[in-house]
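Trainee:
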Amino acid sequence: MITGEQIRAARAMLKWTADDLAKKSEIGVATIRRLEAMNGLPSGQARILDAIQKTLEEGGVEFIGTPDHQPGVRLK
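Numbering follows the UniProt record's numbering, in which position 56 of the sequence shown is assigned residue number 56; successive positions increment by one, without gaps.
#1: When you compare only the Cα positions, how much space is there between Val-29 and Ala-22?
#2: I believe Glu-62 touches Arg-47 by the beta-carbon criterion, under 8 Å. Please report the beta-carbon distance rounded to the nearest angstrom.
#3: Measure the Cβ-Cβ separation of Glu-36 and Arg-8 and say whether it is below 8 Å.
#4: For Asp-19, which option in Pro-67, Ile-52 and Glu-57 has the closest C-alpha, if you only look at C-alpha atoms?
#5: Please name the residue, chosen from Met-38, Gln-45 and Gly-59, that lies closest to Thr-17 on a Cα-to-Cα basis.
#6: Quick check: does the Cβ of His-69 come within less than 7 Å of any heavy atom belonging to the ligand COA?
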């Protein structure tokens, strides 16, 4: 799973707007913004977080660490 902070960081690294990520992941932009505003691991959103993570990874980022231990993002 990924955190709201990782979503924001990954999107910034790719220079994608929230609208870009929403279109590419087929997740609503309001949902993207809500998840990004959360600190830590958003609960109850596994399917949505998986779709966002897959889209960002396909865009060229790699998620590192775990939500509880040194979560981060880097370019592939």
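The beta-carbon is built from N, C-alpha and C at its ideal position, and this holds for glycine as well.
All figures in this text were calculated on a predicted structure; none of them were measured in a lab.
Mentor: For this structure:
#1: 5 Å
#2: Incorrect: roughly 21 Å between the Cβ atoms, too far for contact.
#3: yes
#4: From the listed residues Pro-67, Ile-52 and Glu-57, the smallest Cα separation to Asp-19 is found for Ile-52.
#5: Of the listed residues, the one whose Cα sits closest to Thr-17 is Gly-59.
#6: What this structure holds is no ligand at all, so the ligand COA is not there to describe.
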